[in-house]
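With this note's numbering applied, the sequence shown corresponds to residues 42 to 205, in that order.
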Amino acid sequence: MTRRIALVLALTLALVAPAGVSWAAAADKPAVLANWTQPTAASTAAWNAARLDREPWLSYGFDWSTDDCSAAPERPLGFDFTNPCRHHDFGYRNYKDLGVFAANKARLDDVFYADMKRVCVRHNVAVRAACYSVAWTYYQAVHVFGSVASVRQADLDRAARLPH
């Protein structure tokens, strides 16, 4: 019976895995994706290392495409949110590909916010409040609307007026 289940699993993976993805990689893909999409610095560092060296991960068929921060600025008020936006895109695209996006969206948005706060903490305390304000605005945009493209210039102007 166990061999029969293993055979059915192998055949199923062979049928549903994208072209060029081995069944072992397809089976591991959800675990690797979950590891790379946690709201911790270590998770983000692991994802970024893989992003910079994709070759070992080719057989997994990850979607690395990104539009950075969509129509919103990648560097609002000089705070560079490019990598948090790329990480967020990676999570959204790959969980959608697996068909389990809805179950993971809230965590992916939390990861995005945690990544942006890690950017903010590197800035001088005098401007950190403005950075956190923009990060919160970007987080709310993806949390509510699914995209930072809904961030308005007025939101950025309000953050810019915070005491420096």
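For every residue, glycine included, the Cβ atom is placed at its ideal position computed from N, Cα and C.
Quick caveat, the model's predicted, so the values are computed rather than measured.
Residue i and residue j closer than 8 Å at C-beta
i	j	result
F122	H164	no
H129	V162	no
P71	L149	no
P80	D151	yes
A231	N76	The structure shown does not extend to residue 231, since the chain is modelled only from 42 through 205, so no value can be given for it.
Between the CA atoms of residue j and residue i - distance to the nearest angstrom
i	j	result
R134	L74	11 Å
Y180	Q194	15 Å
S100	A167	46 Å
V160	A112	20 Å
C110	A68	30 Å
R95	A82	20 Å
F186	A147	12 Å
S106	P114	18 Å
Boundaries (first-last residue) of the alpha helix (DSSP H) holding residue i
i	result
W105	First-last for W105: undefined, no H or E at that position.
R116	It is not in any alpha helix (DSSP H) - R116 carries neither H nor E in the DSSP assignment.
R34	Any property of residue 34 remains undetermined from this structure, which presents the chain solely from 42 to 205.
Contact set for residue i: own chain, Cβ-Cβ below 7 Å, skip 5 residues either direction
i	result
Y154	A176 and Y180
Contacting residues, own chain, Cβ-Cβ under 6 Å from residue i (five flanking each side not counted)
i	result
Y136	F142 and N145
D156	T85, P125 and H128
D108	none
G132	T78 and L149
R92	none
Cβ-based neighbour list, residue i, same chain, cut-off 8 Å, excluding 5 preceding and 5 following
i	result
K158	Y173 and A176
D104	F131, R134, N135 and D138
**Message:** List, from N- to C-terminal side, the alpha helix (DSSP H) runs of 4 residues or more that fit wholly inside the segment 127 to 198.
**Reply:** Counting only runs of 4+ residues, the alpha helix (DSSP H) found wholly inside the segment 127 to 198 occupies 142 to 162 and 166 to 186, in chain order.
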